[in-house]
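Structure record follows, encoded as structure tokens.
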Amino acid sequence: MTHAIRVHAHGGPEMLRWEPVEIGQPGPGEALIRHTMVGLNFIDVYFRTGLYQPPSLPFTPGMEGAGVVEAVGPGVADLAPGDRVGYGSAPLGAYGEKRLIPADRLIKLPDWLDDLTAAGLLLQGLTAQYLLRQTYTVKAGETILIHAAAGGVGLLVCQWAHALGATVIGTVGSEEKAALARAHGCDHTILYRDEDVVARVRAITDGRGVDVVYDSVGKDMFDRSLDCLKRRGLMVSFGNSSGPVPPFDISLLNKKGGLFITRPSIGHYAGTRAELLAMADDLFDVVGSGKVKVNVNQSFPLRDAAEAHRALESRQTTGATVLVV
Ligand SMILES: NC(=O)c1ccc[n+]([C@@H]2O[C@H](COP(=O)([O-])OP(=O)(O)OC[C@H]3O[C@@H](n4cnc5c(N)ncnc54)[C@H](OP(=O)(O)O)[C@@H]3O)[C@@H](O)[C@H]2O)c1
């Protein structure tokens, strides 16, 4: 018998319950892994509340973890028991001591990357990879805007975009977060509660607007994000921490300068094993080089995942948060 967090009905953090669960042996293409660390991500909140629908109830949340392969099913050739592995994408099921997972989602961990750092890095790091290197190829001399700049994805994006030679503008909810973002490559911070975000961005860019906005805040920031773009700029709406963006009038894109918009997820970029491994290689290169540092700034016992969710939702966290198994 092993234990996992399960959600029987959607709701608040109190719906995350630590329970005994049965886990079978791996089927074709699957691996059984024993977690040492599990990553906390905002998407875990969306599945818990019901904003995103899990395949069924009850379910075990989580899309990120690190640990050791205990067994592999038929047809799994490139992994063996004892391998150190991590992952940062669907399917759900990370909040447990052990889990079954499609083996093609697992990434072998380099020796220099410890399990805690891997569990704090993979999902947010793969996200930063596709945002900066695929959805839009950020180039030296360009200017980007990233919201929640001191958050998990935010600190990675600030550092990586800075390393690519871009000017980084970040919005944050407090002075402390502003200082943290600036220490991680964010050239200009905007306190969105006190300052006019659009006016500051226009002033910083001499009226031109930014090349790309990475907006994970959703409802509360969407309109302002569009107003920060240059003509024909790209709006990347990749999250809803303040709530989903309501349906909008496509003619706005015309009125605001022939803008482009996309709403991506990791699965659109790491859909095949080859894509996933190429993204992981790129991520490990930039982290291994020291250009991007991983900030695991909070950790909680896995069984206390409810406390971790409360901290994340009330904006008390910075950088990454890991649940220790
Ligand atoms: N589409 C994808 O592939 C993908 C992948 C990973 C993450 N994401 C999205 O990226 C975002 C960041 O994820 P993360 O795990 O790194 O979280 P995070 O940024 O570490 O935490 C969320 C932060 O968002 C800000 N925020 C703004 N409005 C908020 C609100 N109403 N409630 C709570 N927080 C609010 C807060 O920072 P301030 O105090 O500075 O406002 C908060 O600290 C999430 O929206 C997530 O869904 C998307």
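Numbering-wise (my numbering), the sequence shown opens with residue -14 and increments by one.
Built from N, CA and C at the ideal position, the CB exists for glycine as well.
Residue i, buried or exposed, once every other Cβ within 10 Å from all chains shown has been counted against 16
i	result
Glu15	buried
Trp97	exposed
Arg90	buried
Phe233	exposed
Leu107	buried
Asn225	buried
Asn26	buried
Leu36	exposed
Thr257	exposed
Through-space distance from residue j to residue i, alpha-carbon basis
i	j	result
Ser222	Leu116	10 Å
Gln109	Gly139	9 Å
Arg19	Ala166	34 Å
Met84	Leu237	Residue identity check: residue 84 is Arg in the sequence provided, not Met. Their backbone Cα atoms lie some 45 Å apart in a straight line.
Gly352	Pro76	For residue 352 there is no data in the structure shown, the boundaries of the chain being -14 and 310.
Val277	Leu141	7 Å
Leu219	Ile246	6 Å
His(-7)	Gly24	21 Å
Ala290	Leu308	7 Å
Asn112	Ala79	Position check: residue 112 holds Thr in this sequence, whereas Asn was assumed. Taking the straight line from one Cα to the other gives about 18 Å.
Pro66	Lys93	12 Å
beta-carbon residue i near ligand 1 non-hydrogen atom, thresh 7 Å
i	result
Asp71	Inspection of the sequence shows that residue 71 is occupied by Gly rather than by Asp. Incorrect: Gly71 has no Cβ contact closer than 7 Å to ligand 1.
Phe32	no
Asp172	no
Lys83	no
Glu298	yes
Pro5	no
Phe207	no
Phe285	no
For residue i, the nearest candidate out of the options (CA to CA)
i	options	result
Thr(-13)	Leu262, Val6, Ala148, Ile189	Val6
Pro249	Lys162, Arg178, Tyr121	Tyr121
Pro46	Gly71, Ala(-11), Asn282, Pro59	Ala(-11)
message: Tell me whether the segment 113 to 130 and the segment 49 to 57 touch, counting them as touching only if at least three CB pairs, one residue from each stretch, are closer than 8 Å.
response: In short, these stretches do not touch, since the Cβ pair count stays below three.
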